[in-house]
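Novice: The following block contains the structure, expressed as structure tokens.
Numbering (full-length UniProt numbering), first residue to last: 1 to 528.
What follows is the structure, encoded as structure tokens:
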């Protein structure tokens, strides 16, 4: 019996520890210290179990730091039953991970709160992409549907100062928007100019490049009105007809302009079209030359003020250089055409003189050779005449068209600068209105404050619209420049090959003619 009290003292020592734990557990409404010891031990076990279960669900603050210090004491009094606590310790040891998970969950919740803020941005970013896809689909429609236009049968209407020329415009298309696959209408030159003005006013401000109409020639039309000899004006009429046909076909290959209602009405409506303003004064090309210097000066001044996109400045300087070289090339082609026509005239004179000489020649073989030479030279003259037409319509007119297209491109660049000026002016006006509002609020003069606030809202919308118009114009213009370069490369290649093939055909025909004439010359030598 003397040996028993010490273990009782040992057993008496744990209860205070258990009571300490129970004191901690009493926060959660557990049993008090006055209960019997066995019940306390059983309850402490249950409480430990509940405590461990509650610790798994405890917030991060209760498990991050006190976890390592509180659990070892709970394991020491439970030495008689080590396996259960040991089994339950790993989840307790994993609690820092789980406790970090709620903190991480809070972070995810914060990110979850930020996601709705980001979703509209992604949706706004996807919306322009869908518009771009629609624009690309519109450009693909050019390959899906055909639209071919021919201008033929020029006809003079009236006499004297009231005379004018009309042309038969034939349209063949597979576009579903047209009522019929083939349409015939007659149009006068002023109708073509009116179409150009309507399209340029509608599309240039948006950044689209509108091919210019042929230039109006006062001297050419004067010859047509007062000249009775149609041969004198035939070359002018034929050249204008070809220019009008190329003008319409350039509009037809544009993915946006080809669907325009004004363009469609021009091709389909058999009646008279509404007259455009100032078509009697000058054409698009003449107007561009008139405003060229003013537009270039304005572009340079406005470009230095704040347009930071150097891409447009680089392209504009490149096109100015290209314009200079194309003009020089066109001048050389015009000189070559004039020289070839002069050669044709000299050859025609040679043909006549050779025929006259053959008639007075007494030697039959020589007379026959001179006659054959006259025939050969006449065919050579015909070949040079055909080649001069190829030089003009295939090579020269193509270069001339692109000189005019560069002028239209320059005008579109100037329209972008004007849009930028509208945007900056709207910003300045809006800032001025806001300054006025702030001044009224500080000085206490609020009589006109509602009016100023309404004006601020109005100018905020105008500033947004101007910014949107400028950005859209810049975006469209970049795409137009890419399309312009693609079309220019393909057309230059096709025209150069056509011109080269014509030159090769002419040289082959010349060789064949002179080889056929060689036996006649050899016959002269044999007979002598």
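Virtual Cβ for every residue (Gly too), placed ideally from N, Cα, C.
Predicted model only: the values in this text are computed from it and were never measured.
Would you call the region 470-488 and the region 376-384 in contact, with 3 or more CB pairs under 8 Å?
Specialist: The region 470-488 is not in contact with the region 376-384.
Novice: Classify residue 212: buried if its beta carbon has 16 or more other beta carbons within 10 angstroms, exposed otherwise.
Specialist: Classification for residue 212: buried.
Novice: Cα separation between residue 378 and residue 259?
Specialist: Roughly 49 Å between the two C-alpha positions.
Novice: Over what stretch of residues does the alpha helix (DSSP H) that includes residue 398 continue unbroken?
Specialist: It spans 397-443 - the alpha helix (DSSP H) in which residue 398 sits, taken as one unbroken run.
Novice: Rounded to a whole number of angstroms, what is the C-alpha to C-alpha distance between residue 153 and residue 243?
Specialist: Near 14 Å, if we compare the C-alpha coordinates of residue 243 and residue 153.
Novice: What first and last residue would you give for the alpha helix (DSSP H) that runs through residue 529?
Specialist: A question about residue 529 goes unanswered here, because the residues of the chain that appear run from 1 up to 528.
Novice: Please confirm if the region 382-401 is in contact with the region 452-465, defined as three or more CB-CB distances below 8 Å between the two stretches.
Specialist: No, because fewer than three Cβ pairs between the region 382-401 and the region 452-465 fall closer than 8 Å, the two stretches do not touch.
Novice: Any idea what DSSP makes of residue 377, helix, strand or coil?
Specialist: Correct three-state label for residue 377: helix.
Novice: Can you tell me which of the three DSSP states residue 180 falls into?
Specialist: Of the three classes helix, strand and coil, the one that applies to residue 180 here is coil, per DSSP.
Novice: Could you have a look at residue 122 and say whether DSSP puts it in helix, strand or coil?
Specialist: With a pLDDT of only 37 at residue 122, under 50, the local geometry of the prediction cannot be trusted, and the value read off the model is given with reservation. If DSSP states are grouped into helix, strand and coil, residue 122 belongs with the helices.
Novice: Where residue 156 and residue 163 are concerned, what is the direct C-alpha to C-alpha distance, given to the nearest angstrom?
Specialist: Straight-line Cα distance between these residues: approximately 7 Å.
Novice: Is the beta carbon of residue 455 less than 9 Å from the beta carbon of residue 433?
Specialist: Yes, they are a contact pair.
Novice: Just to confirm my understanding: we take residue 315, look at its own chain, exclude 5 residues before and 5 after, and list those with CB closer than 7 Å. What are they?
Specialist: Hits under 7 Å: 481.
Novice: From what residue to what residue does the alpha helix (DSSP H) around residue 201 run?
Specialist: From DSSP, the alpha helix (DSSP H) with residue 201 extends over 189-203.
Novice: According to the Cβ coordinates, are residue 531 and residue 506 closer than 9 Å?
Specialist: It is not possible to answer for residue 531, since the shown part of the chain is limited to 1 through 528.
Novice: Note the first and the last residue of the continuous beta strand (DSSP E) segment covering residue 147.
Specialist: 147-157 is the extent of the beta strand (DSSP E) around residue 147.
Novice: Would the beta-carbon of residue 371 fall within 9 Å of that of residue 358?
Specialist: Yes, the Cβ-Cβ distance between residue 371 and residue 358 is below 9 Å.
Novice: Go to residue 265, then tell me how far its alpha helix (DSSP H) extends in each direction, as first and last residue.
Specialist: Residue 265 -> alpha helix (DSSP H) spans 261-268.
Novice: Would you decide whether residue 216 is buried or exposed? Buried here means 16 or more other CB atoms lie within 10 Å of its CB.
Specialist: The residue in question, residue 216, is buried, as its Cβ has 16 or more Cβ neighbours within 10 Å.
Novice: Note the first and the last residue of the continuous beta strand (DSSP E) segment covering residue 164.
Specialist: First-last of the beta strand (DSSP E) with residue 164: 164-173.
Novice: In or out: residue 426 buried (at least 16 other Cβ within 10 Å) or exposed?
Specialist: Per the 10 Å Cβ criterion, buried.
Novice: Straight-line CA distance for residue 205 to residue 251?
Specialist: Each residue's alpha carbon lies about 17 Å from the other.
Novice: Apart from the five residues just before and just after residue 171, which ones in its own chain have a Cβ nearer than 6 Å to its Cβ?
Specialist: Taken in chain order, the residues that qualify are 149, 183, 267.
Novice: By Cβ distance, which residues of its chain are closer than 8 Å to residue 367, with the 5 residues on each side in sequence left out?
Specialist: Same-chain partners within the cutoff: 358, 359, 361.
Novice: Could you tell me the alpha carbon to alpha carbon distance between residue 274 and residue 194, rounded to whole angstroms?
Specialist: Answer to the nearest angstrom: the Cα atoms are 8 Å apart.
Novice: Give the DSSP bridge partners of residue 186, in chain order.
Specialist: Answer is 168.
Novice: Could you name the residues of the same chain whose beta carbon sits closer than 8 Å to that of residue 177, not counting the 5 residues immediately before and after it, in chain order?
Specialist: The answer, listed in chain order, is 259, 264.
Novice: Quick one: what's got a C-beta closer than 6 Å to residue 220's C-beta in the same chain, skipping five residues either side?
Specialist: Closer than 6 Å at Cβ, skipping near neighbours: 236.
Novice: Using three-state DSSP, classify residue 272 as helix, strand or coil.
Specialist: Residue 272 falls in the coil class under three-state DSSP.
Novice: Could you check if residue 186 is buried or exposed, using at least 16 other CB atoms within 10 Å of its CB as the buried criterion?
Specialist: Classification for residue 186: exposed.
Novice: Could you check the C-alpha separation between residue 254 and residue 160 for me, to the nearest Å?
Specialist: Approximately 38 Å between the Cα atoms of the pair.
Novice: What is the DSSP secondary structure of residue 215, reduced to helix, strand or coil?
Specialist: Here residue 215 sits in coil by DSSP.
Novice: Starting from the C-beta of residue 354, find all residues in its chain whose C-beta is less than 6 Å away, skip the five residues before and the five after it, and write them out in chain order.
Specialist: 370, 373, 374.
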